[in-house]
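Participant: Take this structure, written in structure tokens, and hold onto it; I'll ask about it next.
Chains as they are written, first to last, in the numbering used here: chain E, 746 to 1258; chain U, 2 to 118.
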């Protein structure tokens, strides 16, 4: 081993993987399809060959036998089978594995069986005739769901873990030890939990750890990103809707609160919720009751809510953008994740962990580690994108490396520059020097590519977002209510973006970005 | 390399879209339909003649699923009333419905078969 290698990729196991892998290092995910229609089996096999190993069964008995003897990440199940009802097969599958995501296939999406299956916790249903792309999207979501709920989150203050299939929660800084203690203390208490922390600090990992160490660990875990859906769709996603509730509601849809009965629902970006949805979520938290959109029937559910946000909810309450009662309901127990810059002593352990991961995933058996200079630079950097950014940087370095040791030359420019100017990493990453608004995107993307950025998507998206918001605000003469309506986002979200992008609304209503 | 004509592509444009433009896959599915649909249609007719309405309903449902990759409108959508009539144990209605769609179903199956080499 060369001298001066400070951080070694110490995994000694063979790292030969010819198949595509998920980030959890499992070989190709596997899918079981149960349907008596040969054309469906052939369709699914061919459509999903790139993302999963597909096992087929032509009837319920055969499907159950294969399920018992194999290890699957998801199941596609026909509702009407020749030997038994698909719902009966579903119940047996769930008896064998409570967490397996099962997608029903049905010619009649509005059938009572499909709705009943969703109420019993099926992952989703898809209407026949199948189409390749929606099918692939849905199965990918199911596989991701499976991995989210079943890949163990190991909490460790050590650098090493024998379990390479686990996602390790690393840290021995006092701040992280407090987080671990809090997880241990509240995981088994059936109370709502609010996880707070900057983007990239690992809020989802905390949610998964809470679920896995809870009494509900054998039940369903579902995650919803509240910022990813427009308000009306979010309401329908969470609470479901009745047929005809709104244009396009062609059949009854079961929402996550109903689907997740008995399980755990992770509401990410809980600060990005319209007041109408906030009111309904509050009611579920208080009474575990709700109605589907467009429905009168009161439904009850038993769901544990874990919420996460990086938004200043207290300030949003003062601004009138967030319900105070909801905030108090949510933050009875709060877990605060520290930004990585506040626990830089954990960086070497994290480097070690991500290095071993990436070495195995990218099949780089000759990679020995990082030079001391490279480690020093990584440890001095302020990491505005937190652990997510560190992971991306290490993966990129490993992917690009042709030598056994990664030196400072192999690190992204933003990290090496931080040695010259230690303030770098705190500054806003994509301040736009271009005089014509919006025109600098191609140049920005080119520069980020040349600098081997590991945060290109976020930076480019932020640039675009800032441009769009600025233009709309100009158009509305700075009227934020109108701008929010045009943009299709909440006023709270708009205000948050105005603050974080340093958009200045001057008195003559010209807008400076 | 498949031999699908432009006319066939137009006729089965929705099916092609469902397989994301993969003509080989469409031909493979057509081969399955060409093998499975005719005996299924025959079975359906026998079941109706024998008054096995529950079974006929299941067969009609399976046939609808099989053909719907290629066509969702008539005559495939006309299998639904037949399925419903079978479930409702309406023997005469089932038979009448079958007679009214049998010819067009056969034609569709032939057109699908013509996609195969």
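The beta carbon of each residue, even a glycine, is placed where N, CA and C say it ideally should be.
Identify each residue in the region 95-114 of chain U for which the Cβ-Cβ distance to at least one residue of chain E is less than 9 Å, and report them in chain order.
Facilitator: Answer set for the region 95-114 of chain U: empty.
Participant: Quick check on the burial criterion: 16 or more other C-beta atoms within 10 angstroms. Buried or exposed for residue 75(U)?
Facilitator: The residue in question, residue 75(U), is exposed, as its Cβ has fewer than 16 Cβ neighbours within 10 Å.
Participant: Indicate whether residue 1051(E) and residue 1010(E) have their beta-carbon atoms separated by less than 9 Å.
Facilitator: Yes. Within cutoff.
Participant: Please confirm whether residue 878(E) has its beta-carbon closer than 9 Å to some beta-carbon of chain U.
Facilitator: Yes, residue 878(E) counts as interfacial toward chain U.
Participant: On the three-state DSSP scale, how would you describe residue 965(E)?
Facilitator: Correct three-state label for residue 965(E): coil.
Participant: Please determine, among 895(E), 1072(E) and 1185(E), the residue with the shortest C-alpha to C-alpha distance to residue 818(E).
Facilitator: Among 895(E), 1072(E) and 1185(E), the Cα nearest to that of residue 818(E) is on 895(E).
Participant: With a threshold of 9 Å between beta carbons, is residue 66(U) in contact with chain E?
Facilitator: Output row for residue 66(U): interface = yes.
Participant: Hey, out of 34(U), 31(U), 53(U) and 103(U), whose CA is closest to residue 92(U)'s CA?
Facilitator: When only C-alpha atoms are compared, the closest one is 53(U).
Participant: Drop a sphere of 10 angstroms on the beta-carbon of residue 815(E), count the other beta-carbons inside from all chains shown, and report buried for 16 or more, exposed for fewer.
Facilitator: Burial call: exposed.
Participant: Per DSSP, residue 1054(E) forms a beta bridge with which residues?
Facilitator: Beta-bridge pairing links residue 1054(E) to 941(E).
Participant: Give me, in chain order, the residues of the same chain whose beta-carbon lies closer than 6 Å to that of residue 1142(E); leave out the 5 immediate sequence neighbours on both sides.
Facilitator: 1151 and 1155.
Participant: Report the partner residues of residue 986(E) according to the DSSP bridge assignment.
Facilitator: DSSP lists 998(E) and 1038(E) as partners of residue 986(E).
Participant: Residue 16(U) to residue 99(U), Cα distance in whole Å?
Facilitator: Residue 16(U) and residue 99(U): Cα-Cα distance of roughly 25 Å.
Participant: Which ranges does the alpha helix (DSSP H) cover as unbroken runs of at least 4 residues, wholly within the region 1075-1134 of chain E, from first to last along the chain?
Facilitator: As far as the region 1075-1134 of chain E is concerned, its whole alpha helix (DSSP H) runs of at least 4 residues are 1092-1106 and 1117-1125.
Participant: Can you give me the C-alpha to C-alpha distance between residue 11(U) and residue 1043(E), rounded to a whole angstrom?
Facilitator: One C-alpha to the other measures close to 49 Å.
Participant: Check distances from the C-beta atoms of the region 778-812 of chain E to those of chain U and list, in chain order, the residues that come in under 8 Å.
Facilitator: Going along the region 778-812 of chain E in chain order, one finds 781, 782, 783, 784, 785, 787, 788, 791 and 792 with a Cβ nearer than 8 Å to chain U.
Participant: Quick check: the region 1070-1086 of chain E against the region 1113-1125 of chain E, are at least 3 beta-carbon pairs closer than 8 Å?
Facilitator: No contact exists between the region 1113-1125 of chain E and the region 1070-1086 of chain E.
Participant: Listed from N- to C-terminal order along the chain, which residues in the region 814-828 of chain E have their beta-carbon within a distance smaller than 7 Å of any beta-carbon of chain U?
Facilitator: Hits within the stretch, in order: 825.
Participant: Please state if the CB of residue 1196(E) and the CB of residue 1130(E) are separated by a distance shorter than 9 Å.
Facilitator: It is not a contact, given that the beta carbons lie outside the stated cut-off.
Participant: Should the region 783-803 of chain E be regarded as contacting the region 64-73 of chain U, the criterion being three or more beta carbon pairs within less than 8 Å?
Facilitator: At 8 Å Cβ cutoff, the stretches touch.
Participant: Hey, does residue 988(E) have any beta-carbon neighbour from chain U nearer than 9 Å?
Facilitator: Closer than 9 Å: no.
Participant: Could you run through the region 61-88 of chain U and flag, in chain order, every residue whose CB is less than 7 Å away from some CB of chain E?
Facilitator: Listed by position, the residues of the region 61-88 of chain U near chain E (Cβ gap below 7 Å) are 62, 63, 65, 66, 67, 69, 70 and 73.
Participant: Could you tell me whether the Cβ of residue 18(U) comes closer than 9 Å to any Cβ of chain E?
Facilitator: So yes, residue 18(U) belongs to the interface.
Participant: Taking 9 Å as the CB-CB limit, is residue 886(E) close to chain U?
Facilitator: Not one chain U Cβ lies under 9 Å of residue 886(E).
Participant: Counting only beta-carbon atoms, is residue 875(E) nearer than 9 Å to chain C?
Facilitator: The question asks about chain C, but that chain is absent: this structure's protein chains are E and U.
Participant: According to DSSP, is residue 1049(E) helix, strand or coil?
Facilitator: Three-state DSSP puts residue 1049(E) in a strand.
Participant: What is the DSSP secondary structure of residue 1238(E), counted as helix, strand or coil?
Facilitator: Three-state DSSP puts residue 1238(E) in a helix.
Participant: Residue 1040(E) to residue 1005(E), Cα distance in whole Å?
Facilitator: Taking the straight line from one Cα to the other gives about 19 Å.
Participant: What does residue 852(E) reach in chain U if we use C-beta pairs closer than 8 Å?
Facilitator: Residues of chain U passing the Cβ test: 62, 65, 66 and 69.
Participant: Could you tell me which residues DSSP puts in a beta bridge with residue 1043(E)?
Facilitator: Its beta-bridge partners are 1036(E).
Participant: DSSP three-state call for residue 25(U): helix, strand or coil?
Facilitator: Of the three classes helix, strand and coil, the one that applies to residue 25(U) here is helix, per DSSP.
Participant: Less than 9 Å between CB atoms is the rule here; does residue 34(U) satisfy it with respect to chain E?
Facilitator: It does: the Cβ of residue 34(U) has a partner Cβ on chain E nearer than 9 Å.
Participant: For residue 944(E), I'd like the list of residues in its chain whose CB is within less than 6 Å of its CB, leaving aside the five on either flank, ordered along the chain.
Facilitator: These residues qualify, in order along the chain: 1055.
Participant: Please return the same chain residues whose Cβ sits closer than 8 Å to the Cβ of residue 997(E), not counting the five positions on each side in sequence.
Facilitator: 855, 860, 985, 986, 987, 988 and 1037.
Participant: Output needed for residue 1017(E): all residues of its chain with C-beta closer than 6 Å, excluding positions within five of it in sequence on either side, in chain order.
Facilitator: Closer than 6 Å at the Cβ level, and outside the excluded window around residue 1017(E), lie 971, 972 and 1238.
Participant: Give a yes or no on whether the C-beta atoms belonging to residue 688(E) and residue 1046(E) are separated by under 9 Å.
Facilitator: In the structure as shown, chain E begins at 746 and stops at 1258. Residue 688(E) is therefore absent and cannot be evaluated.
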